Amino acid sequence: MTMPMKTHILLAILVFALVSSSKAATRSFSPDSQVSTSTARNGHPPSNDDDHVYVHIINKVEDHAVIAVHCKSKDNDLGLHYLNYEETYQFKFRVNFWGTTLFFCGFHWHDKQVIGDAYDYSRDWDRCPVNCDWIVDQEAVYGVNKKGVYDVVYHWEQGKKKE
Numbered sequence: 006m007t008m009p010m011k012t013h014i015l016l017a018i019l020v021f022a023l024v025s026s027s028k029a030a031t032r033s034f035s036p037d038s039q040v041s042t043s044t045a046r047n048g049h050p051p052s053n054d055d056d057h058v059y060v061h062i063i064n065k066v067e068d069h070a071v072i073a074v075h076c077k078s079k080d081n082d083l084g085l086h087y088l089n090y091e092e093t094y095q096f097k098f099r100v101n102f103w104g105t106t107l108f109f110c111g112f113h114w115h116d117k118q119v120i121g122d123a124y125d126y127s128r129d130w131d132r133c134p135v136n137c138d139w140i141v142d143q144e145a146v147y148g149v150n151k152k153g154v155y156d157v158v159y160h161w162e163q164g165k166k167k168e
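If you want my numbering, it's the 1-based position in the sequence shown plus 5.
Structure, rendered in structure tokens:
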């Protein structure tokens, strides 16, 4: 075999290997589609052996009203969910290879609404590396960090009137 022929074969093998590993990386870092709602309070996993991040949203609105929660990322729409008082909605995902994972949620309660980031890697990689908990009450939506401190707050906004 001539030198240029060997170079072309090695180049083809290298391109194939890169494309194959790229596809495997995409599959292994894609968000998990398993989404569940639960009233369990201790549903948090004991460790992060499976490399997932868990987001938990708990309805603590004092008037016991149902709240609506709609979460999504750039690639995944997790749908609209209704939470009764003290009910928890949770979802899990894997952080992408580039560290740009972002999930945001819209919350609706009576005529009020707010939209906020439920998980933003640039903010949460150390703040809540395994469990990102959110408490929804009549004042705001509160993010709870790994130390149990409310450190992110999204205040309710008055919704627009429908005509």
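Even glycine gets a Cβ: it sits at the ideal position worked out from N, Cα and C.
All of these numbers come straight from a predicted model, not from anything done at the bench.
Query                                                                                                                                         : Result
Straight-line CA distance for residue 143 to residue 110?                                                                                     : 17 angstroms
Report the CB separation of residue 115 from residue 70 in whole angstroms; it is logged as a contact under 8 angstroms.                      : 6 angstroms
Would residue 99 and residue 56 qualify as a contact pair, given that the criterion is a beta-carbon distance under 9 angstroms?              : yes
Beta carbon of residue 97, beta carbon of residue 60: below 9 angstroms?                                                                      : yes
If you scan the segment 135-163 from start to end, which runs of the beta strand (DSSP E) of 3 or more residues do you find wholly inside it? : 136-141, 145-149, 155-160
Please go through the segment 70-120 and give each complete beta strand (DSSP E) segment of 3 or more residues, from N-terminal end onward.   : 72-77, 82-88, 93-98, 107-114
To the nearest angstrom, how far is the alpha carbon of residue 86 from that of residue 93?                                                   : 10 angstroms
Could you say which of 91, 90, 76 lies nearest to residue 84 if we only look at CA atoms?                                                     : 76
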